[in-house]
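The next block holds one structure in the form of structure tokens; read it before the comments.
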Amino acid sequence: MKKILLQRITKNPEICHGKPTIRGLRYPVDAMLDLLASGMTIDEILLDYPDLEKEDLLACLEYAAELSRTKKAQKVAQ
Numbered sequence: 064m065k066k067i068l069l070q071r072i073t074k075n076p077e078i079c080h081g082k083p084t085i086r087g088l089r090y091p092v093d094a095m096l097d098l099l100a101s102g103m104t105i106d107e108i109l110l111d112y113p114d115l116e117k118e119d120l121l122a123c124l125e126y127a128a129e130l131s132r133t134k135k136a137q138k139v140a141q
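If you want the working numbering, it's the position in the sequence shown, counting the first as 1, plus 63.
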């Protein structure tokens with residue numbers, strides 16, 4: 064299921080300056096993650112963005128999870 068969800072995340076230099084977007088639409092992944100982080104529910108976001116589907120938002124979360132996985136630990140400046 065993860066690979067199927069991640070197929071919804073696309074990058075195209077002609078769309079949003081090459082930022083990851085949802086299905087080639089002009090909905091950047093980071094913007095959707097910001098909405099989710101602000102406390103909006105998936106259903107609320109879908110009401111505001113009728114072009115999107117629940118799986119699109121799940122794909123954004125999966126994409127963020129993949130990015131957060133590291134191969135090795137790195138010290139973060141404090």
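Ideal Cβ placement from N, Cα and C applies to all residues, glycine included.
Is residue 76 buried or exposed, if buried means 16 or more other CB atoms sit within 10 Å of its CB? Here residue 76 is taken as the residue at index 13 of the sequence shown, counted from 1. Label assigned to residue 76: exposed.
Output yes or no for whether 8 Å exceeds the beta carbon distance between residue 83 and residue 72. The count along the sequence shown starts at 1 and reaches residue 83 at position 20. The count along the sequence shown starts at 1 and reaches residue 72 at position 9. Yes, the pair counts as a contact, with Cβ atoms nearer than the cut-off.
Measure the Cβ-Cβ separation of residue 88 and residue 114 and say whether it is below 8 Å. Here residue 88 refers to the residue found at position 25 when the sequence shown is read from its first residue. Here residue 114 refers to the residue found at position 51 when the sequence shown is read from its first residue. It is a contact, given that the beta carbons lie within the stated cut-off.
Give me the DSSP bridge partner(s) of residue 142. Examination of residue 142 is not possible in this model, given that the chain is present from 64 through 141 alone.
Completely contained alpha helix (DSSP H) runs for the stretch 97-128, where each covers 4 or more residues: 105-111
Looking only at C-alpha atoms, which of 104, 125, 101 and 111 sits nearest to residue 70? Along the sequence shown, read from residue 1 onward, the residue named residue 70 stands at position 7. Per the C-alpha coordinates, the member of 104, 125, 101 and 111 positioned closest to residue 70 is 125.
Contacts around residue 81, its chain only, beta-carbon distance under 8 Å, and the 5 residues preceding and following it disregarded: Here residue 81 refers to the residue found at position 18 of the sequence shown. Here the set comprises 74 and 75.
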